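As structure tokens, the structure follows; a few thoughts come after it.
So this is what it looks like as structure tokens:
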């Protein structure tokens with residue numbers, strides 16, 4: 051059964067749910083976020099070399115670092131997402147994305163993030179069908 055509740059933290063309401071996804075009716079300044087991402091094109095790092103891909107890149111805003119875009123299970127030092135959560139923080143890229151960071155801190159209803167990344171698939175690039183989880 052899906053459970054959703056609203057909790058208060060530091061004067062803000064946050065959604066807490068066990069659902070895999072929730073449809074949220076919130077404003078997203080996507081055009082300005084896209085401009086921030088475009089300005090950082092030279093900072094993106096190749097993504098998922100273990101899959102058959104071409105032209106797929108990532109740029110972590112929140113993560114292990116700005117050059118380490120992967121999930122916790124790709125790093126040998128973590129036994130769980132909970133263990134890795136302590137090392138997931140705003141990366142040096144965050145300083146160059148004020149609109150995105152402000153939105154994450156003041157609009158998006160969460161105070162906990164695993165990873166937040168800009169993702170890029172170049173023209174002519176591809177990602178073959180794959181499955182991240184069972």
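In my numbering, the protein residues as written are 51 to 184. Here a beta-carbon is modelled for each residue, glycine too, at the ideal position from N, C-alpha and C. The structure displayed is predicted, hence computed values, not measured ones.
In this structure, DSSP gives residue 138 a state outside helix and strand, which the three-state scheme calls coil.
When DSSP states are grouped into helix, strand and coil, residue 124 belongs to the helix group. With three or more CB-CB distances shorter than 8 angstroms, the stretch 99 to 116 counts as touching the stretch 159 to 173. About 6 angstroms separates the Cβ atoms of residue 138 and residue 165, confirming a contact at the 8 angstroms cut-off. A straight-line Cα-Cα distance of about 36 angstroms links residue 102 and residue 157. CA-to-CA, the gap between residue 82 and residue 155 works out to about 16 angstroms. For residue 110, the three-state secondary structure derived from DSSP is strand. C-alpha of residue 142 to C-alpha of residue 134: approximately 18 angstroms in a straight line.
In terms of Cβ geometry, residue 56 and residue 66 form a close pair [threshold 9 angstroms]. Per DSSP, residue 154 lies in no beta strand (DSSP E); the unbroken alpha helix (DSSP H) holding it starts and ends at 148 to 156.
Listed in chain order, the non-local C-beta contacts of residue 54 below 8 angstroms within the same chain comprise 65, 66, 67, 69 and 72, local neighbours out to five positions each way being set aside. Under the three-state reduction of DSSP, residue 167 is assigned to strand.
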